[in-house]
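Reading through the structure tokens given below for one structure.
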Amino acid sequence: MPETRTLSLLKGQQYFCFRYEVGQETKVLDALVEMVNRRDLPFDWFDAAVMSHQLGRHLAKELETFLPKKAA
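Numbering (my numbering), first residue to last: 1241 to 1312.
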């Protein structure tokens, strides 16, 4: 079963939450762009950047599991 991740942003009265499966990151980025382009949402490029930064942090943690452990 694929692992599920969550991105979230609280902006004023609005709460944006994305749940996605590992490996579906490009779909999340596409959805962020679509949200920026919607005039009915108070979601801008700064908000998309914050959420994509969260996504990058999730990916970095994932990659760390593949790195060899440092000898003490």
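For each residue, glycine too, the CB sits at the ideal point set by N, CA and C.
All figures in this text were calculated on a predicted structure; none of them were measured in a lab.
* Can you list, in chain order, the residues of its chain whose CB lies under 8 Å from that of Leu-1269, leaving out five sequence neighbours each side? -> Ser-1292, Leu-1295
* Asked: Got a sec, what are the start and stop residues for the alpha helix (DSSP H) Leu-1299 sits in?
  -> 1285–1304
* To do: Return the first residue and the last residue of the beta strand (DSSP E) that Glu-1243 is part of.
  => Note, Glu-1243: premise wrong, no beta strand (DSSP E); not H, not E.
* Quick one: using the 10 Å Cβ neighbour count with 16 as the cut-off for buried, is Arg-1259 buried or exposed? => exposed
* **Span of the alpha helix (DSSP H) around Asp-1270** => 1265–1277
* **beta strand (DSSP E) segment containing Gln-1253, residue limits** => Run containing Gln-1253: none; DSSP gives neither H nor E here.
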